[in-house]
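Line by line, the protein sequences give chains A and B. Final position of the first sequence in numbering that gives the first Met the number 0 is 488; the numbers increase by one with none missing. Final position of the second sequence in numbering that gives the first Met the number 0 is 488; the numbers increase by one with none missing. All C-beta atoms, glycine included, are put in the ideal place defined by N, C-alpha and C. See structure below.
There are 2 protein chains.
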Amino acid sequence: MTSSVAAQFEGQESRILRDLNEPLVDHAEGQLFLNDAFKIIMEEVLCKGTDIKQKVCEWKEPEELSLLLDLELRATGEPRERLLQRVKDVAKYSIKTSHPRFFNQLFAGVDYHALAGRFLTEALNTNLYTYEVAPVFVLMENEVLRGMRQLVGWTEGDGIFCPGGSVSNMYAMNLARYQLLPDVKRQGLFGLPRLNVFTSSESHYSVKKAAAFLGIGTDNKAVHGRFVHDRLVSQGAVPFLVSCTCGTTVRGAFDPLDLIADVCEKHKLWMHVDAAWGGSVLFSKQHAHLMQGVNRANSVAWNPHKMLATGLQCSALLLQDTMNLLRNCHSANATYLFQQDKFYDVKFDVGDKSVQCSRKVDCLKFWLMWKAVGSNGFADRVDKAYLVDQIKKREGFCLLQEPDFVNICFWFIPPSLRGKEGNADYQDRLAKVAPVIKERMMKQGTMMVGYQPLGNKVNFFRLVVFSPVLSQKDMDFVIDEIERLGNDL
Amino acid sequence: MTSSVAAQFEGQESRILRDLNEPLVDHAEGQLFLNDAFKIIMEEVLCKGTDIKQKVCEWKEPEELSLLLDLELRATGEPRERLLQRVKDVAKYSIKTSHPRFFNQLFAGVDYHALAGRFLTEALNTNLYTYEVAPVFVLMENEVLRGMRQLVGWTEGDGIFCPGGSVSNMYAMNLARYQLLPDVKRQGLFGLPRLNVFTSSESHYSVKKAAAFLGIGTDNKAVHGRFVHDRLVSQGAVPFLVSCTCGTTVRGAFDPLDLIADVCEKHKLWMHVDAAWGGSVLFSKQHAHLMQGVNRANSVAWNPHKMLATGLQCSALLLQDTMNLLRNCHSANATYLFQQDKFYDVKFDVGDKSVQCSRKVDCLKFWLMWKAVGSNGFADRVDKAYLVDQIKKREGFCLLQEPDFVNICFWFIPPSLRGKEGNADYQDRLAKVAPVIKERMMKQGTMMVGYQPLGNKVNFFRLVVFSPVLSQKDMDFVIDEIERLGNDL
Numbered sequence: 000m001t002s003s004v005a006a007q008f009e010g011q012e013s014r015i016l017r018d019l020n021e022p023l024v025d026h027a028e029g030q031l032f033l034n035d036a037f038k039i040i041m042e043e044v045l046c047k048g049t050d051i052k053q054k055v056c057e058w059k060e061p062e063e064l065s066l067l068l069d070l071e072l073r074a075t076g077e078p079r080e081r082l083l084q085r086v087k088d089v090a091k092y093s094i095k096t097s098h099p100r101f102f103n104q105l106f107a108g109v110d111y112h113a114l115a116g117r118f119l120t121e122a123l124n125t126n127l128y129t130y131e132v133a134p135v136f137v138l139m140e141n142e143v144l145r146g147m148r149q150l151v152g153w154t155e156g157d158g159i160f161c162p163g164g165s166v167s168n169m170y171a172m173n174l175a176r177y178q179l180l181p182d183v184k185r186q187g188l189f190g191l192p193r194l195n196v197f198t199s200s201e202s203h204y205s206v207k208k209a210a211a212f213l214g215i216g217t218d219n220k221a222v223h224g225r226f227v228h229d230r231l232v233s234q235g236a237v238p239f240l241v242s243c244t245c246g247t248t249v250r251g252a253f254d255p256l257d258l259i260a261d262v263c264e265k266h267k268l269w270m271h272v273d274a275a276w277g278g279s280v281l282f283s284k285q286h287a288h289l290m291q292g293v294n295r296a297n298s299v300a301w302n303p304h305k306m307l308a309t310g311l312q313c314s315a316l317l318l319q320d321t322m323n324l325l326r327n328c329h330s331a332n333a334t335y336l337f338q339q340d341k342f343y344d345v346k347f348d349v350g351d352k353s354v355q356c357s358r359k360v361d362c363l364k365f366w367l368m369w370k371a372v373g374s375n376g377f378a379d380r381v382d383k384a385y386l387v388d389q390i391k392k393r394e395g396f397c398l399l400q401e402p403d404f405v406n407i408c409f410w411f412i413p414p415s416l417r418g419k420e421g422n423a424d425y426q427d428r429l430a431k432v433a434p435v436i437k438e439r440m441m442k443q444g445t446m447m448v449g450y451q452p453l454g455n456k457v458n459f460f461r462l463v464v465f466s467p468v469l470s471q472k473d474m475d476f477v478i479d480e481i482e483r484l485g486n487d488l
Numbered sequence: 000m001t002s003s004v005a006a007q008f009e010g011q012e013s014r015i016l017r018d019l020n021e022p023l024v025d026h027a028e029g030q031l032f033l034n035d036a037f038k039i040i041m042e043e044v045l046c047k048g049t050d051i052k053q054k055v056c057e058w059k060e061p062e063e064l065s066l067l068l069d070l071e072l073r074a075t076g077e078p079r080e081r082l083l084q085r086v087k088d089v090a091k092y093s094i095k096t097s098h099p100r101f102f103n104q105l106f107a108g109v110d111y112h113a114l115a116g117r118f119l120t121e122a123l124n125t126n127l128y129t130y131e132v133a134p135v136f137v138l139m140e141n142e143v144l145r146g147m148r149q150l151v152g153w154t155e156g157d158g159i160f161c162p163g164g165s166v167s168n169m170y171a172m173n174l175a176r177y178q179l180l181p182d183v184k185r186q187g188l189f190g191l192p193r194l195n196v197f198t199s200s201e202s203h204y205s206v207k208k209a210a211a212f213l214g215i216g217t218d219n220k221a222v223h224g225r226f227v228h229d230r231l232v233s234q235g236a237v238p239f240l241v242s243c244t245c246g247t248t249v250r251g252a253f254d255p256l257d258l259i260a261d262v263c264e265k266h267k268l269w270m271h272v273d274a275a276w277g278g279s280v281l282f283s284k285q286h287a288h289l290m291q292g293v294n295r296a297n298s299v300a301w302n303p304h305k306m307l308a309t310g311l312q313c314s315a316l317l318l319q320d321t322m323n324l325l326r327n328c329h330s331a332n333a334t335y336l337f338q339q340d341k342f343y344d345v346k347f348d349v350g351d352k353s354v355q356c357s358r359k360v361d362c363l364k365f366w367l368m369w370k371a372v373g374s375n376g377f378a379d380r381v382d383k384a385y386l387v388d389q390i391k392k393r394e395g396f397c398l399l400q401e402p403d404f405v406n407i408c409f410w411f412i413p414p415s416l417r418g419k420e421g422n423a424d425y426q427d428r429l430a431k432v433a434p435v436i437k438e439r440m441m442k443q444g445t446m447m448v449g450y451q452p453l454g455n456k457v458n459f460f461r462l463v464v465f466s467p468v469l470s471q472k473d474m475d476f477v478i479d480e481i482e483r484l485g486n487d488l
């Protein structure tokens with residue numbers, strides 16, 4: 000479809016050479032385009048995209064969508080009107096994640112203050128590594144991390160924003176390893192006894208990915224079950240990290256942190272809390288108890304882009320450490336970037352704390368939103384957990400368990416399966432219900448809810464109820480709609 | 000400064016409880032705010048921020064800036080006018096990286112089509128892991144990667160956008176390791192012979208960071224110098240990767256790829272090309288020869304956010320592999336996200352190729368810009384390399400070397416040092432010149448140019464000339480201004 004390499008160069012000789020003494024960008028023309036694109040974004044994404052009378056998705060098979068979008072990249076540019084149409088098309092066929100009927104992931108909804116912060120971040124286009132190119136954001140990130148650490152219960156500490164919770168979890172694993180065995184940074188893991196990571200069977204898959212990426216190996220991730228006791232004693236390997244979960248991905252369950260902290264203290268293990276999903280409960284007087292004991296952890300990963308709807312990505316790794324562990328572990332002391340003879344205090348050059356070089360500014364959206372709604376406003380968002388009474392009352396809806404928090408996991412039992420629990424093929428048939436309902440809802444574009452199996456439980460729906468754009472009638476709709484879509488199954 | 004943890008909860012009981020049956024977000028009010036914020040962004044960042052009559056930076060010491068911005072996060076929210084003022088303040092004190100006088104990093108300038116793509120990306124707020132939540136972007140990323148691979152010279156292959164070039168380089172290192180020793184994914188590096196990475200002394204520091212992070216150790220990064228021959232033969236360790244550089248960070252130098260490819264073929268080593276900076280020359284008929292032999296590499300890292308000004312972040316890892324190495328190496332097969340019983344072809348769920356879970360959409364800005372200017376337009380940007388004649392002609396300016404490409408490295412020799420090359424303290428005094436000029440330019444806000452030492456060369460300026468907003472008079476200004484700021488030294 001796309002032209003060949005040779006064709007990419009076509010016309011480079013024949014076209015009229017621009018005068019290289021003049022800029023290639025016309026600011027007035029560019030700003031006019033941006034202005035028009037902004038209007039389309041407002042209309043298509045933010046007005047229609049949040050309107051319950053509009054579809055949440057416009058399902059197309061990959062082949063058809065590819066053709067509709069005319070994705071091919073060519074040698075010559077396109078006129079302005081065509082480009083604006085492209086902005087419209089991208090919006091049209093994209094999922095409306097801010098729509099009140101989008102429950103598919105652990106992010107949803109929109110906050111306009113955060114979005115303004117994101118536009119500003121994009122326009123300023125800077126890099127969070129030195130004070131000289133990001134003075135405002137070095138200080139702002141520091142302040143936001145401080146506010147988050149205070150909610151954890153730490154008056155001091157360190158931290159950094161990472162490109163997602165998986166990377167935050169990786170950082171924790173690397174820091175735990177470095178604290179125990181600082182020579183690994185220089186010498187690697189060769190010739191060392193096996194290291195062991197402990198985590199629960201429902202911990203996020205990023206713990207497994209981190210073990211593979213860091214050279215520790217997925218086999219050296221031991222599962223400790225939800226309740227950790229002295230069983231951590233290992234078989235010839237060296238345990239160095241317990242990764243707890245606050246808000247598991249599917250069930251939204253919280254590990255008992257105080258209990259785990261006791262074990263970690265006894266065995267001198269690094270205690271990491273993956274609170275990517277659950278961390279935001281710390282804003283709420285009503286729910287903060289779910290993370291009782293988090294102040295005893297060494298590190299906490301917390302993604303405000305999930306429950307607080309700051310927008311992707313916004314993921315912080317918080318550390319209790321005050322001894323510069325993060326910088327010592329990750330630094331490479333590049334002389335072209337982190338010169339020591341600068342005219343300002345180079346402790347504000349935070350880039351060497353990261354394993355990235357270019358690092359996006361992820362704090363501004365959260366900071367502006369925090370300024371706009373205050374800690375109290377965040378508490379409101381967290382407390383906006385709808386009751387599950389309706390699901391309990393409705394025939395054909397069966398809760399997997401009483402939810403710990405906002406993840407509501409349930410099966411829809413179609414009429415043909417009701418009362419047939421004893422049949423040999425019951426589980427197999429039930430497993431096929433959610434995928435069919437999901438297909439139907441997406442093809443009709445009425446809503447998006449996720450499903451998955453878990454352990455020996457066959458496919459069930461996970462309804463995640465936290466988006467600030469939700470109202471009670473959206474919840475009523477979900478129940479009615481699942482029934483409508485699945486009643487004939 | 001920030002209130003205590005207890006104070007964070009203050010008022011949560013006393014304030015009037017919102018009706019949780021209603022949304023917490025008022026769309027009309029929010030859109031009005033966003034609209035006003037957009038106007039401020041237009042005026043402060045895009046109009047004033049690119050105007051040579053305005054400062055490129057508004058230097059403040061950290062303590063003063065902290066006070067000016069009132070960064071503290073509080074329990075209650077702020078009124079709309081105050082928030083809009085904050086948007087203005089953040090813009091005011093941030094560095095204007097799109098300003099024609101910003102030469103401080105390997106990114107600069109603005110492209111309005113790319114910026115429109117970035118705003119659209121932010122508004123759509125989705126996650127590039129499954130086709131069901133990112134149908135447009137799964138296909139678009141695929142097409143953009145294909146276009147980039149074609150320029151490398153591959154008709155097939157694989158790839159992924161990563162959060163920056165450092166992560167792309169890490170991925171390459173992990174893939175090389177996995178190809179040689181697939182069991183490392185499960186078993187880790189324990190008990191294996193040392194692995195060795197080969198790279199040049201001027202390669203980017205991320206190669207070192209990657210070796211540390213992946214458990215290989217920085218001592219196992221061997222320096223091969225710019226010209227690799229059979230010296231790769233290692234001392235008891237297992238070589239598995241040669242990381243070449245196309246466009247070194249400071250000098251902009253290009254490794255001789257064909258020569259290195261011969262060695263890699265002979266020794267069966269993975270050949271990675273870190274073309275984060277230089278990769279964009281592939282668009283240019285005039286400059287593509289600098290990367291002659293890149294088609295023989297196993298992997299290429301290329302950041303369009305640098306020379307092409309797509310905006311941060313836009314970093315692709317390209318692979319010649321067609322055997323699903325990326326997915327096999329990184330996958331964890333999470334059943335809650337990558338269900339195999341979906342109603343569409345799950346090969347379009349690309350998330351398991353990544354070690355991230357949440358992954359930002361980085362392709363749209365590049366795609367929209369490519370559509371707008373075409374491959375030819377990108378060639379124009381790459382070819383817009385100003386001549387260094389002026390620097391050669393001007394007294395007191397001394398080139399470090401004839402530049403390979405757009406990095407122009409030079410010393411400014413103030414009058415007091417001219418003709419004193421033989422003095423014992425010459426190098427020490429010269430080393431102090433650039434930092435002082437840098438301090439003066441930033442405090443006056445007239446421009447930003449980076450400096451650094453390299454090997455035994457003391458501090459010199461690096462002028463990077465590629466931004467699409469530049470004109471010849473901006474270049475004239477730079478030379479005059481350095482002279483003005485440094486003539487008394």
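Can you tell me whether residue i is buried or exposed, with buried defined as 16 or more other CB within 10 angstroms of its CB?
i: His-98/A; result: buried
i: Ala-274/B; result: buried
i: Leu-317/A; result: buried
i: Leu-31/A; result: exposed
i: Asp-388/A; result: exposed
i: Arg-417/A; result: exposed
i: Glu-394/B; result: exposed
In the DSSP assignment, what are the bridge partners of residue i?
i: Tyr-450/B; result: Phe-460/B
i: Trp-269/B; result: Leu-240/B
i: Trp-301/B; result: Ala-315/B
i: Lys-220/B; result: Val-196/B
i: Ile-159/A; result: Leu-316/A
i: Phe-253/B; result: Cys-245/B
Specify the secondary structure class of residue i as computed by DSSP and reduced to three states.
i: Ser-165/B; result: helix
i: Leu-33/A; result: helix
i: Thr-154/B; result: coil
i: Ile-259/B; result: helix
i: Ile-94/A; result: coil
i: Cys-245/B; result: strand
i: Phe-189/B; result: coil
i: Phe-101/A; result: strand
i: Phe-136/B; result: helix
Nearest-angstrom Cα distance between residue i and residue j?
i: Trp-58/B; j: Trp-369/A; result: 26 Å
i: Tyr-177/B; j: Ser-330/B; result: 12 Å
i: Ala-308/A; j: Thr-75/B; result: 18 Å
i: Gln-355/A; j: Phe-136/A; result: 16 Å
i: Ile-159/B; j: Gly-373/A; result: 38 Å
Interface residues of chain E around residue i at Cβ under 9 Å?
i: Gln-53/B; result: Of the chains in the structure shown, none is chain E; the protein chains are A and B.
Inside the segment 358–435 of chain A only - beta strand (DSSP E) runs reaching at least 3 residues:
Correct list: 396–398 and 406–411.
4 or more residues per run - each alpha helix (DSSP H) lying fully within the segment 39–90 of chain A:
61–68, all fully within the segment 39–90 of chain A.
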